[in-house]
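Which chain is which? The protein sequence lines are S and W, in order.
Residue 854 is where the first sequence starts when you use this note's numbering, and the numbers rise one by one after that.
Residue 112 is where the second sequence starts when you use this note's numbering, and the numbers rise one by one after that.
Glycine included, every Cβ here is placed at the ideal spot set by N, Cα and C.
As the structure is a computational prediction, the values presented were derived from the model and not from experiment.
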Amino acid sequence: MNPNKKRLRRTMMFLNAQKPGLIKDPYIYKPDSIMLDLEDAVAENQKDAARFSLYHALKTINYRGCERVVRINGLDTPYWKEDIRCAVAGGCDAIRIPKTESAQDVKVVEAEVIQAEKDFGREEGSVLIMAAIESARGVMRALDICESSERLFGIALSGGDYTKDLQTHITGTGIELMGARQNMVIAARAAGVQCFDTVYTDLDDMDGFRQDVENIHLMGFDGKSIINPRQINIVHEIFTPKQKDIIFAEKVVREIDTKKAQGIGVFTVDGKMIDIAFYDGAKRTIELAKASGVYKGDL
Amino acid sequence: MEIKKPAIAGTLESSDCQVTVEAGEGKVDFSLESAVINQYGNQIRKVAYETLDNLGIDNVKLTIVDKGALDCTIKARIEAAVYRSIGQIEDLPWGGAIR
Chain S
854 MNPNKKRLRR
864 TMMFLNAQKP
874 GLIKDPYIYK
884 PDSIMLDLED
894 AVAENQKDAA
904 RFSLYHALKT
914 INYRGCERVV
924 RINGLDTPYW
934 KEDIRCAVAG
944 GCDAIRIPKT
954 ESAQDVKVVE
964 AEVIQAEKDF
974 GREEGSVLIM
984 AAIESARGVM
994 RALDICESSE
1004 RLFGIALSGG
1014 DYTKDLQTHI
1024 TGTGIELMGA
1034 RQNMVIAARA
1044 AGVQCFDTVY
1054 TDLDDMDGFR
1064 QDVENIHLMG
1074 FDGKSIINPR
1084 QINIVHEIFT
1094 PKQKDIIFAE
1104 KVVREIDTKK
1114 AQGIGVFTVD
1124 GKMIDIAFYD
1134 GAKRTIELAK
1144 ASGVYKGDL
Chain W
112 MEIKKPAIAG
122 TLESSDCQVT
132 VEAGEGKVDF
142 SLESAVINQY
152 GNQIRKVAYE
162 TLDNLGIDNV
172 KLTIVDKGAL
182 DCTIKARIEA
192 AVYRSIGQIE
202 DLPWGGAIR
């Protein structure tokens, strides 16, 4: 398995691949991933030019640990195959498929990625895939999509197109996205892949943004797509384990290990009942703290 | 490779450059406009000639209006203009002539 499949992805920042001013130094804001967009952000008559810009940016710019994901054009356009060739040749870390509606969509893209890896001397399996779900049909097939490929590291909700398909609109409350969010995060967890939330487009409403991020964090999402560096710190703050949670998780792991050796299954930590069911969650908190660079312990 | 028709790529936004290619008169005719021409003119010219050389082009009128573009952007815009001029948008030689 590609070791980056489960890496930390709290923030994925969208950047228009056609705009040199945007793609030259986004790493200074320290998003976990950048999403270099060849799709909706790029005008129809600039699709060709955006690829050259993308290729040389990938080849030349040191993004200092930010994962470089490329959003290709849809499978219903004439652009997506060359998008994949360009992105894979340039050295991208992952491809994002827009408007994914079936496992077959992922398999079709995977076949082109495999070919591009061969053509451009990339190690087989080095390019990961993620699928954006933007329709009611895609949401209903989320589990199939999540299980479609060993390369697929996660799925992402694209709220704008999804709400159009659902014949509603983005309200800022999240009510219109509830069903899709719940269905997708459950599907992703069932398949063991990650799940990412849609963008929040009102940059003047940072309180609304914070509430939105807190909601999706509680729902179980791994991270959020973002459109502006101002949004990064809020997402990272909410998705990074707090010290009190880390300390409690450490106690849980140590106590379960100790008590298990003593043949004790249920006990209390800081007044809370703990059994083996808490073990994985506590380990996950510590792993997330490590990945976020805030863990100082020795577990 | 021969320039077939005039083509343009890039913008006049900050950190970008606008590149125009036209059929030449038997040589490379290079023209540069840049606010930093005194500091970076030679470097931009070097990148432009290297890019044309990689593409196998020695007969072109190349005009660059620079707005503070990095080398990688200058390359990208020249290549975009050249491939527009010959009308090729697929099966591009990534890692070959484009490098």
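query                                                                                                                       : result
Cβ neighbours of E954/S in the same chain (closer than 7 Å, five flanking residues each side left out)                      : S988, R990, G991 and R994
Every unbroken alpha helix (DSSP H) within the region 960–1040 of chain S, with a cutoff of 4 residues, ordered by chain    : 989–993, 995–999 and 1012–1018
Where G121/W sits in the DSSP three-state scheme                                                                            : strand
Cα-Cα separation between I998/S and P884/S, rounded to whole angstroms                                                      : 26 Å
Exposed unless 16 or more other CB atoms sit within 10 angstroms - verdict on I881/S                                        : exposed
Alpha helix (DSSP H) runs wholly inside the region 141–194 of chain W, at least 4 long, in chain order                      : 148–166
Where A146/W falls, given that 16 or more other Cβ within 10 Å makes a residue buried                                       : exposed
Other residues of its chain near G155/W: CB distance less than 7 Å, five sequence neighbours each side excluded             : According to the sequence displayed, residue 155/W carries Ile and not Gly. Counting only Cβ-Cβ distances below 7 Å, and skipping sequence neighbours, we find L143, S145, I175, D177 and I185.
Contacts of T913/S in chain W (Cβ-Cβ under 8 Å)                                                                             : L181, D182 and C183
Cα-Cα separation, S886/S to E920/S                                                                                          : 4 Å
Against chain W: residues of the region 873–900 of chain S by CB proximity under 7 Å                                        : P873, G874 and K877
Own chain residues within Cβ distance below 6 Å of T1016/S, not counting five before or after                               : H1022, I1023 and E1029
E161/W CB to nearest heavy atom of the ligand NAP below 6 Å                                                                 : No copy of the ligand NAP appears in this structure; indeed no ligand is present at all.
CA-to-CA distance, G1146/S to K1095/S, given in whole angstroms                                                             : 12 Å
Beta-carbon gap between E935/S and E190/W smaller than 7 Å                                                                  : no
Contact set between L123/W and chain S, taken where Cβ atoms lie within less than 7 Å                                       : Those within 7 Å of L123/W in chain S number zero; the least Cβ separation is about 12 Å.
Cα-Cα separation, D929/S to I950/S                                                                                          : 11 Å
Identified DSSP bridge partners for C919/S                                                                                  : Beta-bridge pairing links C919/S to no other residue.
Beta carbon proximity, G207/W to chain S, threshold 7 Å                                                                     : no
A1130/S in three-state terms, based on DSSP                                                                                 : helix
Sufficient close CB pairs (3 or more, under 8 Å) joining the region 1042–1056 of chain S to the region 1068–1076 of chain S : yes
The beta strand (DSSP E) enclosing G1076/S, as first and last residue numbers                                               : G1076 to I1079
Segment contact flag, the region 1121–1128 of chain S with the region 895–905 of chain S, C-beta cutoff 8 Å, min 3 pairs    : no
Other residues of its chain near L907/S: CB distance less than 7 Å, five sequence neighbours each side excluded             : A870, L889, L891, V923, C939, A940 and G943
CB contact check: S126/W to chain S, cutoff 7 Å                                                                             : yes
Cβ-based contacts, 7 Å cut-off: residues of the region 944–974 of chain S near chain W                                      : F973
T1138/S, DSSP secondary structure in three states                                                                           : helix
Below-7 Å beta-carbon distance, S906/S vs any chain W residue                                                               : yes
Amino acids of chain W, ordered along the chain, whose beta-carbon sits closer than 7 Å to that of H1022/S                  : Here the premise fails: no neighbours, minimum Cβ distance about 32 Å.
Collapsed DSSP secondary structure at V1105/S in the structure displayed                                                    : helix
Beta-carbon neighbours of L203/W, restricted to chain S and to distances below 8 Å                                          : R904, E935, R938 and C939
Partners in chain S for I197/W, counting only beta-carbon separations shorter than 8 Å                                      : Under the 8 Å cutoff, chain S gives no residues; its nearest Cβ is about 12 Å from I197/W.
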